[in-house]
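Quick note: the sequence shown uses full-length UniProt numbering, first residue 1, plus one each step. Glycine included, C-beta positions come from ideal geometry on N, C-alpha and C. Quantities reported herein were computed from a predicted structural model and do not represent experimental measurements.
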Amino acid sequence: MTDETPPVPPPASGRGLGGGPAQPFKPRNTVRAKALRNTAPAAERLLWQQLRSKKLGYKFSRQMPVGPYFADFLCRELKLIVELDGESHDFRPVYDAQRTEYCIAHGYQILRFSNADVMENLEGVVTHIKTTLAKAHPRPLPQAGGE
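Take a look at the structure:
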C-alpha cells in the first residue's frame, strides 16, 4: 500500500453493492488511485501485466481503497491484497503495521513482496500468488500461455 498519509474515511452509508453491508473499499478515491497508478514503480507495472484481465482466474484491481488505505492490488472476491514494498516502507514500519492490522481486522489476507522480488523472480511471485488463490478458493486456474 503506497499512501503515506491516510485520509479520514468518509462516513459509512451502511449499504454496499446490492443493498448489503457497506464494504471497507467503498467509496473510491479515484483521483488519488489514478495518481498512484500513474506513478507506479516498474515492479508494480510488471506484476500488473500478470494480474490484469483475470489472467490468474480472478479480477484484480490496482490502487484500490481499503478503508483509509490503498492496496497495490486487490482481489475483492477473495479479499486478497498483494502489496509490493519498495525502499519507502523501510522508513515507516509503524504506519505499515497499522495498515496491515486494519486490513486483517476487516478480513483481508495480505501477500507482501519486495520490488526486488518481482524484478528478479517474477515467475516465483506469480506462482506464490496462484498457490494462494488456489488455497483460498479451489477451482481450476487458467493454464500459463493460454486464454
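Going by other Cβ atoms of all chains shown within 10 Å of its Cβ, with 16 needed for buried, is residue i buried or exposed?
i	result
Glu101	exposed
Pro65	buried
Apart from the five residues just before and just after residue i, which ones in its own chain have a Cβ nearer than 6 Å to its Cβ?
i	result
Leu47	Val118
Gly20	Because Gly20 carries a pLDDT of 45, less than 50, the predicted location of this residue cannot be relied on, and no value is offered for it.
How many whole angstroms separate the CB atoms of residue i and residue j, which I take to be in contact at a CB cut-off of 8 Å?
i	j	result
Ser114	Asp85	5 Å
Leu80	Leu111	7 Å
Leu74	Ser53	In fact, because the Cβ distance is near 15 Å, the residues do not count as touching under 8 Å.
Excluding the 5 residues preceding and the 5 following residue i in the sequence, name in chain order all residues of the same chain whose CB lies nearer than 8 Å to its CB.
i	result
Lys135	none
Could you work out which residue in the options is closest to residue i when comparing CA atoms only?
i	options	result
Leu78	Asn38, Gln109 and Pro41	Gln109
residue 148	Arg99, Glu44, Asn38 and Ala105	Outside the displayed span of the chain (1 to 147) sits residue 148, for which this structure offers no information.
Phe70	Glu87, Ala40 and Glu120	Ala40
His106	Val31, Arg76, Glu120 and Ala43	Arg76
Can you list, in chain order, the residues of its chain with a C-beta nearer than 7 Å to that of residue i? Leave out the 5 residues immediately preceding and following it.
i	result
His137	Leu78
Tyr58	Cys75, Glu77, Leu78 and Leu133
Where in the UniProt domain "DUF559" (29–133) do unbroken runs of the alpha helix (DSSP H), each at least 4 residues long, occur, reported from the N-terminal end onward? The UniProt domain "DUF559" (29–133) is shown to contain whole alpha helix (DSSP H) runs of 4 or more residues at 30–38, 42–51, 93–105 and 115–120, in chain order.
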